[in-house]
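Undergrad:
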Amino acid sequence: MANPDLDLQTRSAEFADEVQSTLRQVLPGTIRVVSVTTPHSHRYWVRPDDPAHGNRIPLYVDGDHLADLTAEMYLSMDRRDEYLKTVLSKMAVHSTLDRQPLMRLEFDAAMHTTPTTHWHVHAERGALSHLLARSHAVRPGEVTAPHQLSSLHFPVGGERFRPCLEDFLQFLIQECGIDSLEGWRDALVEGRERWRRRQIRAVTRDAPAEAAEVLRGLGWRVEEPQAGAGYENLRTLTTW
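Residue numbering for the sequence shown follows the numbering used here, beginning at 3 and increasing consecutively.
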């Protein structure tokens with residue numbers, strides 16, 4: 003019988019290697035990503051390991067260090083102890099001018115009152131303009147709401163259809179002008195395809211009857227198991 007804790011440790015380390023490989027093919031500099039266990043929980047924390055920069059990844063525009071990237075993923079096994087599951091992730095860009103982030107993409111599978119996956123945009127400060135002006139990007143519009151824009155949670159697809167690390171990196175390169183390595187696009191395309199194929203598998207497990215119906219429509223022969231269609235994970239299908 004498989005040991006879930008050992009599987010989690012092994013698969014988390016493999017996932018950390020994948021993230022490190024993608025980052026090293028996309029961004030300049032020496033990047034190391036590690037998988038470490040979190041205290042008092044059956045989770046592993048995948049994050050950059052660079053104490054000199056506060057475990058953040060420096061981002062450059064024309065060789066100048068203008069911002070830092072944080073990328074953290076908390077991993078566990080799924081409810082059946084069969085598949086690796088991301089239970090929480092945080093990606094953010096911080097200006098070198100101050101400690102506040104410029105933008106954050108966060109996911110938390112345990113969210114109830116706010117979107118499971120959401121953007122926070124801290125566009126009310128000059129630090130964002132400082133970053134974007136260097137790469138000739140368009141400045142964001144000014145928000146007239148009585149509360150800060152950064153307090154809003156912009157929903158983006160929930161647990162299954164959320165943006166991945168590769169989407170975030172391409173946004174920084176293509177929209178914000180962050181320095182990148184030759185061949186970055188191919189690395190992100192490969193990583194994005196790997197991510198989305200995993201999500202397809204996860205969605206299939208969430209709603210197997212729907213997947214079977216589509217496959218039959220495509221000419222596949224799919225038989226319902228004797229035990230019936232089985233469990234549907236309605237939470238991932240309905241939570242915003």
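By construction, the Cβ of each residue, glycine as well, lies at the ideal position given by its N, Cα and C atoms.
On the DSSP bridge list, what partners appear for Val38?
TA: If you number the sequence shown from 1, residue 38 lands on position 36. Per DSSP, Trp47.
Undergrad: Kindly indicate which residue of Asp52, Arg82 and Gly65 has the alpha-carbon position closest to the one of Ala244.
TA: Examination of residue 244 is not possible in this model, given that the chain is present from 3 through 242 alone.
Undergrad: Around the Cβ of Phe156, are there at least 16 other Cβ atoms within 10 angstroms (buried) or fewer (exposed)?
TA: Counting from one through the sequence shown, the residue named residue 156 turns up at place 154. With fewer than 16 Cβ atoms within 10 Å of its Cβ, Phe156 is classed as exposed.
Undergrad: From Arg81 to Phe17, what does the alpha carbon distance come to, in whole angstroms?
TA: In the sequence shown, the residue the question calls residue 81 occupies position 79. In the sequence shown, the residue the question calls residue 17 occupies position 15. Rounded to the nearest angstrom, the two C-alpha atoms are 19 Å apart.
Undergrad: Return the CA-CA distance between Val140 and Ile180, expressed in angstroms with no decimal places.
TA: Taking the sequence shown and counting its residues from 1, the one referred to as residue 140 is at position 138. Taking the sequence shown and counting its residues from 1, the one referred to as residue 180 is at position 178. Residue placement at Val140 is flagged as unreliable, the pLDDT there being 33, under the threshold of 50; the coordinate-derived value follows with that caveat. Straight-line Cα distance between these residues: approximately 14 Å.
Undergrad: Hey, Pro50 and Val36: beta-carbon distance below 9 Å or not?
TA: Counting from one through the sequence shown, the residue named residue 50 turns up at place 48. Counting from one through the sequence shown, the residue named residue 36 turns up at place 34. Closer than 9 Å, so yes.
Undergrad: Along the beta strand (DSSP E) that carries Arg106, what are the first and last residues, could you check?
TA: Indexing the sequence shown from 1 puts residue 106 at position 104. From DSSP, the beta strand (DSSP E) with Arg106 extends over Pro103 to Asp110.
Undergrad: The alpha helix (DSSP H) spanning Ile202 covers which residue range?
TA: For this step, residue 202 is matched to residue 200 along the sequence shown. Taken as a continuous stretch (DSSP letters only), the alpha helix (DSSP H) holding Ile202 covers Trp186 to Asp208.
Undergrad: Within the same chain, show all residues whose beta-carbon is closer than 6 Å to that of Leu174, passing over the 5 residues directly before and after it, in chain order.
TA: Looking up residue 174 in the sequence shown gives position 172. Taken in chain order, the residues that qualify are Ile180.
Undergrad: Identify whether Leu86 lies in helix, strand or coil by the three-state DSSP scheme.
TA: The residue you call residue 86 lines up with position 84 of the sequence shown. If DSSP states are grouped into helix, strand and coil, Leu86 belongs with the strands.
Undergrad: Please state the DSSP three-state secondary structure of Arg141.
TA: As a working note, residue 141 is residue 139 in the sequence shown. Residue placement at Arg141 cannot be trusted, given a pLDDT of 32 that sits under 50; what the coordinates show is reported in the next sentence. Three-state DSSP puts Arg141 in coil, outside helix and strand.
Undergrad: Flag this pair as touching only if the region 212-226 and the region 52-62 have three or more C-beta atom pairs under 8 Å; answer yes or no.
TA: no
Undergrad: Measure the alpha-carbon distance for Ser182 versus Thr238 and round it to whole angstroms.
TA: Position 180 of the sequence shown, counting from 1, holds the residue named residue 182. Position 236 of the sequence shown, counting from 1, holds the residue named residue 238. Those two C-alpha atoms are separated by around 34 Å.
Undergrad: Between Ile33, Phe109, Leu25 and Asn57, which lies nearest to Phe88 when the distance is taken from Cα to Cα?
TA: Taking the sequence shown and counting its residues from 1, the one referred to as residue 88 is at position 86. Note on residue identity: the sequence assigns Thr, not Phe, to residue 88. Comparing alpha carbon positions, the residue from Ile33, Phe109, Leu25 and Asn57 closest to Thr88 is Phe109.
Undergrad: Can you tell me which of Leu104, Leu90 and Val95 puts its alpha carbon nearest to the alpha carbon of Pro117?
TA: Against the sequence shown, residue 117 aligns to sequence position 115. Answer by Cα proximity: Leu90.
Undergrad: For His55, does the three-state DSSP call read helix, strand or coil?
TA: Here residue 55 refers to the residue found at position 53 of the sequence shown. His55: helix per DSSP, three-state reduction.
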